Amino acid sequence: MGERPNLILTTRLGVRPLGVRGDPLHAVAGQLLSVIRRRLGDGPADLLAEPQLRESDDGIDWYAARSGEVRRLAELGEDERSAALRTVETHLAAIGTLGAQLQTPDASEEARLIGRSLELATTRPSDDFVFVVDGQPVIVAWGYEADAAQSLQTFASPPVPQPERPAATFASVPAVALPARVGWVPWLSALLFGLLLLLLLLIASWLLRACVPVDPTLNVATLETPAPPAPEAPPDPTPLLKASLDEARDDDKRLKIEIAALQADL
-7 MGERPNLILT TRLGVRPLGV RGDPLHAVAG QLLSVIRRRL GDGPADLLAE PQLRESDDGI
53 DWYAARSGEV RRLAELGEDE RSAALRTVET HLAAIGTLGA QLQTPDASEE ARLIGRSLEL
113 ATTRPSDDFV FVVDGQPVIV AWGYEADAAQ SLQTFASPPV PQPERPAATF ASVPAVALPA
173 RVGWVPWLSA LLFGLLLLLL LLIASWLLRA CVPVDPTLNV ATLETPAPPA PEAPPDPTPL
233 LKASLDEARD DDKRLKIEIA ALQADL
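Counting in our numbering, the sequence shown runs from -7 upward without gaps.
1) Can you list, in chain order, the residues of its chain with a C-beta nearer than 6 Å to that of Gly11? Leave out the 5 residues immediately preceding and following it.
2) Taking contact to mean at least 3 C-beta pairs separated by less than 8 Å, is the segment 89 to 109 in contact with the segment 49 to 63?
3) Quick check on this structure: which residue in Asp139, Pro97 and Ser26 has the alpha carbon closest to the alpha carbon of Thr115?
4) With respect to the alpha helix (DSSP H) encompassing Pro227, which residues constitute its N-terminal and C-terminal limits?
5) Quick one: what's got a C-beta closer than 6 Å to Arg63's C-beta in the same chain, skipping five residues either side?
6) DSSP beta-bridge partners for Thr115?
7) Using DSSP with H/G/I as helix, E/B as strand and the rest coil, what is Arg13?
8) Might you give, ordered along the chain, the residues of its own chain that have their beta carbon closer than 7 Å to the beta carbon of Arg29, omitting 5 neighbours on each side?
9) What would DSSP say about Arg(-4), mapped onto helix, strand or coil?
10) Please classify Leu84 as buried or exposed, where buried requires at least 16 other C-beta atoms within 10 Å of its C-beta.
11) First and last residue of the alpha helix (DSSP H) that includes Val36?
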């Protein structure tokens, strides 16, 4: 038996995962496929591709249980496509019936959880997610439904018209007749001479002040060195502890599902 083919890579765009208790079905796919294989056989179990979450968490790879030629449902002829869809509906009906049987009133809570998960596993976004591998149909993205919000085109609101700004107008200023020139040259010369004399006095005063010795009784401030920076606070261990707690809870859920599956077999 050759290497299992990777049928498709799915992302969160266009589809929405289903699940129970807030967990998507692909998180417990291994347990669900194990229950289906033990109770219904290889046919219904091989119908559902095995999901594997990428380490980068940017998508899910879906693998077929068998190897062989891979074809999309749309690539088949009419008769072959109809036969493949009949096989799909037969296996899905068996999986849904098993899910209903596990949800009887006297069943345990974990058994009812598995039964509800099996019922949701019979959902697929569309027939575009059905492949045929080695002559047998395989469903990817099972336990997902089409996301209506992603299929709608975004509606662009019409641009709000900007009010036209009125063109700036400048009031004409009436012409003012300038007074006739007067004889201001004599007093302007005196004013410039006075300003020059004042400037010379200020420069002389500044030079004399620089030559005066500093009074020994005068307190001279010294520049203190800045205090050393405070040590960095130790890293917060809360995120790491929370991640470890979430991982332990996920392991506990998977263990409960395995136990319930074994109890259902007994």
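Ideal Cβ positions, reconstructed from N, Cα and C, are used throughout, including at glycine.
Note that the structure is predicted; figures quoted are calculated from it, not measured.
This is what the structure gives:
1) Leu17
2) no
3) Asp139
4) Note, Pro227: premise wrong, no alpha helix (DSSP H); not H, not E.
5) Val124
6) Answer is none; Thr115 lacks a bridge partner.
7) coil
8) Ala37
9) coil
10) buried
11) Rather than Val, the amino acid found at residue 36 in this sequence is Pro. Taken as a continuous stretch (DSSP letters only), the alpha helix (DSSP H) holding Pro36 covers Asp34 to Leu39.
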